[in-house]
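Below: one structure, written as structure tokens.
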Amino acid sequence: MLQKVKRWGHSLAIRIPAPLARELHIEPDCEVDLRVEDGKLLIVPLSKRKRLQELVEAINENNLHREVEWGEVEGNEIW
1 MLQKVKRWGH
11 SLAIRIPAPL
21 ARELHIEPDC
31 EVDLRVEDGK
41 LLIVPLSKRK
51 RLQELVEAIN
61 ENNLHREVEW
71 GEVEGNEIW
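In this text, residue positions in the sequence shown follow full-length UniProt numbering: the first is 1, and each later residue adds one.
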């Protein structure tokens with residue numbers, strides 16, 4: 001799919017056609033990672049969900065949950 005690079009203020013912009021945006025789940029204001037690999041520009045959408053490592057790194061004394069006693073096993077529950 002060919003697109004023209006346009007001027008946007010002092011920067012340059014590339015329009016992402018709607019079908020391609022839908023396929024990649026890109027929406028207005030979503031974050032993307034721009035990088036160059038082997039002389040090619042890559043635009044990689046960032047996941048809205050936090051990665052496990054980010055979640056684990058955010059655990060601290062203020063948000064650490066203690067073990068909860070849920071009582072006796074009922075039905076087909078296995079503990």
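We put the CB at the ideal spot given by N, CA and C, even for glycine.
Predicted model only: the values in this text are computed from it and were never measured.
How close, in whole Å, do the beta carbons of residue i and residue j come, if the pair is a contact with beta carbons under 8 angstroms?
i, j, result
"Val5", "Ile14", "6 angstroms"
"Val44", "Val32", "6 angstroms"
Could you give the residue range of the alpha helix (DSSP H) that holds residue i?
i, result
"Leu2", "Element bounds for Leu2: n/a, residue is neither H nor E."
"Val56", "52-57"
"Leu20", "18-24"
Could you pull the start and end residues of the beta strand (DSSP E) that residue i belongs to?
i, result
"Glu37", "32-37"
"Pro28", "Pro28 -> no beta strand (DSSP E), and no H or E assigned at all."
"Leu64", "Careful: Leu64 lies outside any beta strand (DSSP E) and carries neither H nor E."
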